[in-house]
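Be aware that the first sequence starts at 33, since it is given in my numbering, and climbs by one per residue.
Note that CB positions come from ideal geometry on N, CA and C, so glycine has one too.
The structure displayed is predicted, hence computed values, not measured ones.
For reference, the structure discussed in these notes is given below.
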Amino acid sequence: MNNYQVPKGTKDVFGEEITKWHKIEDLIKQFTYVYNYTEIRTPIFEHTEVFKRGNDSSDMVNKEMYTFIPANSSTSITLRPEGTAGVARSFVENKMYGNTDLPAKLYYVGPQFRHESPQKGRLRMFNQFGIECIGAKNPLLDVEAISLGYSFVAAIGLQDLKVLLNTLGDDESRANYREALKEYFKDEISNMCPDCQRRYIQNPLRILDCKVDAHKPIMNNVPKMSDYLNEESKAYFKQVCDGLDALDIPYEIDDRLVRGLDYYTHTVFEVVSENSAMGSQCTIFAGGRYDGLVEYFGGPACSGIGWAMGIERLLLACEGEGIELAEEANLDAYVLCLSKNANIHAFKVLNELRANGYRSETDYLDRKFKAQFKSVERYKATVAIMIGDKDIENGTVTIKRIADQKQFVIKFEELITTMDEIFGETDEHAHTCNCGNEGCTCGEHDHSTNE
RNA sequence: GCGAUUGUGGUGAAGUGGUUAACACAACUGGUUGUGGUCCAGUCAUUCGUGGGUUCGAUUCCCAUCAGUCGCCCCA
């Protein structure tokens, strides 16, 4: 009993669903094009150290990675849990800091892997569209990145969105803040959740993220990042805010927003959907600025900004807001075969149609005429082309335009010109021949209306 | 990793410790042998996620397992 099924947290995408993906992918190409981002395709697995760096405190790195050592190897490999690290690695490895106009503006689309418990909006293999802009530190680039993502989701039609923004400041500001937090939680930490006790040591900022302790009184008067920013960090953040204002991008400053990945500095943001269809996973895209990553991979000191968008979540949000992305698979022509003898002739017609770019299909199940006609309907074919014994004798085919039920018997040689006429028309009724005879296919008359 | 809940044909979905597993949709066939959508009739689950156990007998009860869904957590 072979009961094969997809691994937990993965899914097959096909049929109508895949047309939604194509639509999204087309839009990604359009938006990245005008913002002058180019695509990068990095491996979906990397050496484990690319993701597991230093004292990374994130769950993603510590608990959720697909890490393995392949047979006949001693090198630890990890399926990428996120896109930024691989891009930063590639930026350094390919010496993009020297070869390209900086900043390098790169985007990627592809699967990411995290071993989590699946639920709505959370899969073990999921797809992200992400951008990374590396090699320049300018608040306008932070704004540009947010603008690209925001206008992208806005173009799709999403409305129940909220942009959350915060700054973590530079190293100095963050170090001061970290000390302030440690001091603040010093006496209380032993009463807090085990995760927070770990965070207290590894990365106190993330205590702010904690949901377990969120309601405790101690959380009410937590020192604010904004009080510990040095002048430079404050000025940087102000320029980001000013830029967003200038582009009319609405946002809320959320001083608890610290993000789960440890490499962020300065700007961090999260764009969430407030639609009820989202369940508890409501972040559509999120990211921020990172300063140390390029150096970590052995490159020069280079700042970057980027974000990643969960495509499955984007699709969920679209569904929730009633945005229809699926495209109907309309056929141009369905070829009906009316007798066994006509089989090969019908097949030739089919081939001729396809050679001329018409999306065509026929019946391969030897179904009755009636059943074949149902396929015409199901495929929403523009025309039905019928071929039977009579047509074989006469060298003709019968072509029926479904929209107006008009039907013509034409010579096989006229097939494509007739199709071109039908499909070339912009006016629905232009094909009706001026000679007055219904269904006229004489080909002698001029079928254009303005003559 | 923890908790809750679900799992019956292509789809939706009833149901029972006893064997013909409702009904609807879809599909196919015929009425209508070269013209679809309507109508009528017929056909379509040796099987109830998978594996064990209890039982004379399990789709039904029990256990395990896999998967879905929803929370926690985490994050896109």
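Annotated three-state conformation of GLY142 is strand, per DSSP. In this chain, the alpha helix (DSSP H) harbouring THR449 covers 447-456.
Given a length threshold of 4 residues, each whole run of the alpha helix (DSSP H) inside the stretch 313-340 is given here in chain order: 325-328. Counting along the chain, no beta strand (DSSP E) covers LYS400, and no H or E run does either.
Collapsing the DSSP output to three states places SER308 in a helix. In this structure, TYR366 sits away from MET451, with a CB-CB distance that is not shorter than 8 Å. DSSP links GLN439 through a beta bridge to LYS432.
Assigned with DSSP and collapsed to three states, VAL45 falls in coil, not helix or strand.
When the five nearest sequence neighbours on each side are left out, the beta carbons in the same chain lying within less than 7 Å of the beta carbon of PRO135 are those of CYS165, ILE166, GLY167, ALA168 and LEU173, in order along the chain. Ranking LEU325, ASP44, PRO332 and ALA103 by CA distance to the CA of GLY130 puts PRO332 first. Per the DSSP secondary-structure output, TYR98 pairs in a beta bridge with LEU111.
DSSP places VAL415 within a strand segment (E or B) once states are collapsed to three. In the three-state reduction of the DSSP assignment, MET92 falls in the helix class, which pools H, G and I.
Distance from the CA atom of PHE440 to the CA atom of ILE431, rounded to whole angstroms, is 5 Å.
The Cβ-Cβ distance between ILE76 and TRP339 does not fall below 8 Å. Per the Cβ contact rule, the stretch 336-356 is in contact with the stretch 110-119 (3 or more Cβ pairs under 8 Å). Comparing alpha carbon positions, the residue from LEU370, THR414 and LEU385 closest to ASP398 is LEU370. GLU220 and ASN252 have their alpha carbons spaced roughly 13 Å apart. Under the three-state reduction of DSSP output, CYS225 falls in the coil class, being neither helix nor strand.
Taking 8 Å as the cut-off, the beta carbon of SER179 is found no closer than this to the beta carbon of LEU111.
When C-alpha distances from GLN191 are compared across LYS422, HIS377 and CYS350, the shortest belongs to CYS350. Only buried fits LYS52, as 16 or more other CB atoms lie within 10 angstroms of its CB. Between VAL304 and LEU289, the CB-CB gap reaches or exceeds 8 Å. Counting the other Cβ atoms within 10 Å of the Cβ of PRO171 gives 16 or more, which makes it buried. Collapsing the DSSP output to three states places GLN160 in a strand. Rounded to the nearest whole angstrom, the CA to CA distance from PHE63 to LYS406 is 40 Å. By the Cβ-count criterion, PHE269 is buried, with 16 or more other Cβ atoms from all chains shown falling within 10 Å of its own Cβ. Beta-carbon to beta-carbon, GLY41 and ARG156 are separated by about 3 Å, close enough to satisfy the 8 Å threshold. The C-beta distance from VAL381 to ILE417 rounds to 6 Å, short enough to meet the 8 Å contact threshold. According to the DSSP assignment, LEU346 belongs to the alpha helix (DSSP H) that extends over 343-352. Inclusion of PRO236 and LEU213 in the CB contact set at 8 Å is warranted, their separation being smaller than that value. The residue among GLU78, PHE100, MET128 and PRO39 with its C-alpha nearest the C-alpha of CYS334 is MET128. In this structure ARG231 is in contact with SER89, their Cβ atoms being roughly 7 Å apart against a cut-off of 8 Å. Under the 8 Å Cβ criterion, the stretch 184-202 does not count as touching the stretch 89-104, having fewer than three qualifying pairs. If you draw a 10 Å sphere on the C-beta of SER108, you find fewer than 16 other C-beta atoms in it, and that means exposed. Straight across, the Cα-Cα distance linking GLU453 with ALA361 is about 22 Å.
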